[in-house]
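A.B. asks:
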Amino acid sequence: MPIKITNLDYKYSAGTPFEKYALKKINLTIPDGEFWGVIGHTGSGKSTLFSHLNALTRIQSGTIEIDEFRLVGNGGKKPKRKHRPDYKALRARVGMVFQYPEYQLFAETVADDVAFGAKNVGIKGDELQARVKSAIEMVGLNYAEVEKRSPFELSGGQKRRVALAGVLAMHPKILVLDEPTAGLDPRGKKEILDLITEIKATLCPTVIMISHNMDEVAAYCDKIAVMADGELRLVSTPAELFSQHDLLRELHVEMPTVTALACLLNDRGVPVSRSVLTERELLKEILRVKGVTA
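Remember, the working numbering sits 63 above the position in the sequence shown when you count from 1.
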């Protein structure tokens, strides 16, 4: 069942002189099994929107439906018990990985840290141990080498993998990542994105990635949602979005690096396509222009 968001509004400091809309009438359906990118300038509402999916942010107005879960606006207040969804089950279904998740590590050992979320949703005994081992190995770490180590002794990249493993141990079907490559070098960025792609194929069918990096959303995402000033301005495929250069300027969205380079070449008389998204596509265009068969 898809994620269905209907008429979602959210205000900061509601009912005060400082009241400000963070989200305005958001209507969005995300089908099962897709990799979505969410882009927009800082303060556009990206993180606020997707923190609603597992009730970290309470709905003020509107509804969200995720499988059997239905979240209904109640002015941001805690709903009455009889109308309250099973938040633990919801948070196991929708895994959230925040920006710089390594700063949220806290346990004495890697295994304890990875086990925390799954234990909190009721997983125990052998199943808990199996999930922890599987999640640690899924993120590319050696379980025997790291299970008893302090997470604070690990490298930055390893810490981020441990934080991701803690979410995966809950076996979410939807994975939401907020700037998952922030602060990483180019090699680290690619490793994390390739890892996310593998996780999508094996454990979490639906992935939503909030990002400021246009190269990443162009290369990895099936669809892109563009946010601006608390509104959902556009939903598009990467190819459709990044070929609309006037619209990109209007929305203050940068082109992917490769697309910008193709446009520069085109402006200087090299007739390559202005809508390429990847290095491989640009190379094919250059070879085509030169009459070389790839």
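C-beta: ideal position from N, C-alpha, C; glycine also.
Give the straight-line distance between the Cα atoms of Leu204 and Gln221, rounded to the nearest whole angstrom.
C.D. replies: 8 angstroms
A.B. asks: Closer than 6 angstroms by C-beta to Thr244: which residues in its own chain qualify, once you throw out the five before and the five after it? Chain order, please.
C.D. replies: Lys252 and Ile255
A.B. asks: Looking at the unbroken beta strand (DSSP E) that takes in Met318, where does it start and where does it end?
C.D. replies: Looking at the DSSP string, Met318 is not in any beta strand (DSSP E), and its letter there is neither H nor E.
A.B. asks: Going by other Cβ atoms of all chains shown within 10 Å of its Cβ, with 16 needed for buried, is Arg133 buried or exposed?
C.D. replies: Burial call: exposed.
A.B. asks: Determine the direct distance from the alpha carbon of Thr172 to that of Lys187, and round the result to whole angstroms.
C.D. replies: One Cα belongs to Lys187, the other to Thr172, and the distance between them is close to 18 angstroms.
A.B. asks: Which same chain residues, not among the five before or five after Thr111, have their C-beta less than 7 angstroms away from its C-beta?
C.D. replies: Tyr73, Ala85, Leu86 and Thr120
A.B. asks: Which ranges does the alpha helix (DSSP H) cover as unbroken runs of at least 4 residues, wholly within the segment 102-178, from first to last along the chain?
C.D. replies: As for any alpha helix (DSSP H) of minimum length 4 sitting wholly inside the segment 102-178, the runs are 109-113 and 150-156, ordered along the chain.
A.B. asks: Spatial neighbours of Phe179 within its chain, please: CB distance less than 7 angstroms, with the 5 preceding and 5 following residues excluded, ordered by chain position.
C.D. replies: Ala170 and Gly229
A.B. asks: My parser needs the beta strand (DSSP E) runs of 3 or more residues fully inside the segment 181-253; what are they?
C.D. replies: If you keep only unbroken beta strand (DSSP E) runs of at least 3 residues inside the segment 181-253, you get 237-241.
A.B. asks: What does the alpha-carbon distance come out to for the pair Glu279 and Thr105?
C.D. replies: 17 angstroms
A.B. asks: Which value, in whole angstroms, describes the spacing of the CA atoms of Val225 and Asp176?
C.D. replies: 8 angstroms
A.B. asks: Report the rounded CA-to-CA distance for Asp330 versus Met290, giving the unit in angstroms.
C.D. replies: 29 angstroms
A.B. asks: Measure from the alpha carbon of Lys236 to the alpha carbon of each residue in Ala174, Gln123 and Asn117, then state which is nearest.
C.D. replies: Asn117
A.B. asks: Per the contact definition of three or more C-beta pairs closer than 8 angstroms, is the segment 146-154 in contact with the segment 192-210?
C.D. replies: no
A.B. asks: So, helix, strand or coil for Asp72, using DSSP?
C.D. replies: Note: Asp72 maps to strand in three-state DSSP.
A.B. asks: Can you grab the Cα-Cα spacing for the pair Ala174 / Gly136, in whole Å?
C.D. replies: 37 angstroms
A.B. asks: Under 8 angstroms Cβ to Cβ from Cys267, same chain only, skipping five residues before and after it: list those, please.
C.D. replies: Gly158, Leu231, Pro235, Lys236, Ile237 and Leu238
A.B. asks: Name the one or two DSSP bridge partners that Phe305 has.
C.D. replies: Bridge partners of Phe305: none, in fact.
A.B. asks: Give the C-beta separation of Gly100 and Met318 to the nearest angstrom, bearing in mind that I take them to be a contact with Cβ-Cβ under 8 angstroms.
C.D. replies: In fact, because the Cβ distance is near 14 angstroms, the residues do not count as touching under 8 angstroms.
A.B. asks: Looking at the strands, I want to know which residues DSSP matches up with Leu91.
C.D. replies: Ile68
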